[in-house]
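Engineer:
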Amino acid sequence: MADISKSRPEIGGPKGPQFGDSDRGGGVAVITKPVTKKKFKRKSQTEYEPYWHVLLHHDNVHTFEYATGAIVKVVRTVSRKTAHRITMQAHVSGVATVTTTWKAQAEEYCKGLQMHGLTSSIAPDSSFTH
1 MADISKSRPE IGGPKGPQFG DSDRGGGVAV ITKPVTKKKF KRKSQTEYEP YWHVLLHHDN
61 VHTFEYATGA IVKVVRTVSR KTAHRITMQA HVSGVATVTT TWKAQAEEYC KGLQMHGLTS
121 SIAPDSSFTH
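Here the UniProt record's numbering is used: position 34 in the sequence shown is 34, and no number is missing along the way.
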């Protein structure tokens with residue numbers, strides 16, 4: 001029978017096998033992923049789209065205050081003062097540019113203005129000079 005009373009060396013103890021570099025406190029290996037550069041840069045969809053103008057057309061139905069308020073509600077980046085100028089320009093010239101943005105946003109603004117009863121349309125940036 002084997003004598004189990006003899007002491008056995010403990011792993012990592014003073015008499016047992018040593019793993020890793022004791023100077024670095026090691027024993028654990030870490031594999032790091034090499035840094036790679038992206039081969040393809042994907043541009044957002046809006047960088048490829050041309051800009052569109054949202055146009056307000058003059059009508060004899062709505063008041064200046066109503067049209068100004070509708071513009072401010074629909075196009076939140078336009079101040080009340082700017083909306084009043086846009087309304088005045090549409091009154092004098094027959095049409096005015098409310099804002100210029102990408103097509104999907106221009107369509108949303110146009111629909112919003114139409115929901116308020118205003119006459120509105122969109123036009124590509126290159127075909128309009130207002």
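Quick reminder that beta carbons are idealized off the backbone N, C-alpha and C, glycines included.
Among residues of its own chain, excluding the 5 on either side of A70, which ones have a beta-carbon nearer than 7 Å to its beta-carbon?
Structural biologist: Around A70: L113, H116, L118.
Engineer: Just how far apart, CA to CA, sit K73 and D59?
Structural biologist: The straight-line gap from Cα to Cα measures roughly 19 Å.
Engineer: With I122 as the anchor, note down where its beta strand (DSSP E) starts and where it stops.
Structural biologist: Taken as a continuous stretch (DSSP letters only), the beta strand (DSSP E) holding I122 covers 120-124.
Engineer: Under 7 Å, do D125 and Y51 count as touching if we go by C-beta distance?
Structural biologist: For D125 and Y51, yes; Cβs fall inside 7 Å.
Engineer: Within this structure, are the beta carbons of V54 and I122 separated by less than 7 Å?
Structural biologist: A contact, by the Cβ cut-off of 7 Å.
Engineer: Taking the alpha helix (DSSP H) that V54 belongs to, which residues open and close that run?
Structural biologist: Note, V54: premise wrong, no alpha helix (DSSP H); beta strand (DSSP E) at 51-57.
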